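Under my numbering, the first residue of the sequence shown carries the number 336, and numbering increases by one thereafter. Report on the structure given below.
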Amino acid sequence: MTYQVLVRGNARRGYTARVLSLPSVEVSAPTEAQAIAGARAAIAEVVRDARLVEVEVAAHGWAPLAGLYEGDQQFAAVLEEIQAYRGALSSQEALAMQADRTELSGDDAP
336 MTYQVLVRGN ARRGYTARVL SLPSVEVSAP TEAQAIAGAR AAIAEVVRDA RLVEVEVAAH
396 GWAPLAGLYE GDQQFAAVLE EIQAYRGALS SQEALAMQAD RTELSGDDAP
């Protein structure tokens, strides 16, 4: 089996090897080769008495609704209205922020 190992040099500790698919496996050693060898030994220790199983998880409650309204023109119109409403709110917020800045700066020009 092949594992991806991230090896990084460190001025104080030499090298650190971290097994990406096994987050608990991290080995530090003076040389890169020793760090990799340590990671290999740690992997062997972790998987020695382990087995890989598949676990099925029930679909999220909203998953069956995905794509339910695809191609529905009325739903598309509703989405357009929502987008327009959000745009209007953003414009109002921008104007309010500009008014606040003007008020704070003391600029009372019309």
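Note that CB positions come from ideal geometry on N, CA and C, so glycine has one too. All values reported here derive from a predicted model rather than from experimental measurement.
Going by C-alpha positions, Val354 is about 23 Å away from Val390. Straight-line spacing of the CA atoms in Val362 and Leu387 works out to 23 Å. Your pair Pro365 and Gly344 does not check out as a contact, with CB atoms roughly 11 Å apart and the cut at 8 Å. Under the DSSP assignment, Leu430 falls in the alpha helix (DSSP H) whose first and last residues are Gln408 to Ser440. Looking at the DSSP output, Gly349 shares a beta bridge with Asn345.
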